[in-house]
Amino acid sequence: MINADFSAATVLISFGAVLGKTSPTQMLIMTILEIVFFAHNEYLVSEIFQ
Numbered sequence: 001m002i003n004a005d006f007s008a009a010t011v012l013i014s015f016g017a018v019l020g021k022t023s024p025t026q027m028l029i030m031t032i033l034e035i036v037f038f039a040h041n042e043y044l045v046s047e048i049f050q
C-alpha cells in the first residue's frame with residue numbers, strides 16, 4: 001500500500017509539471033508508462049541490487 005502512495009505521488013508531481021501543456025491522451029500515456037517504470041525500478045532496487 002505504501003508503494004501505491006509513492007507511485008501516486010510521483011504521477012501527481014508529473015501532472016503538476018505538464019498541466020495545461022499536454023492533452024488528456026498524452027497524460028494517460030505518461031501515467032501508464034510512469035507506473036510501469038516505477039514498478040520496474042522498485043523491483044530492480046529491491047531484488048537485484050540488494
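Position 25, counted from 1, in the sequence shown is what full-length UniProt numbering calls 25; the numbers after and before it change by one each time, with no gaps. All C-beta atoms, glycine included, are put in the ideal place defined by N, C-alpha and C.
(message) Tell me whether the stretch 8 to 16 and the stretch 32 to 48 touch, counting them as touching only if at least three CB pairs, one residue from each stretch, are closer than 8 angstroms.
(response) yes
(message) I need the straight-line Cα distance from V45 to S7, nearest angstrom please.
(response) 15 angstroms
(request) Report all residues from its chain with a CB closer than 7 angstroms to the CB of F38; omit the five preceding and five following residues, and keep chain order. (result) S7 and T10
(message) DSSP three-state label for F49, please.
(response) coil
(message) Quick check: N3 and E42, are their CB atoms within less than 8 angstroms of each other?
(response) yes
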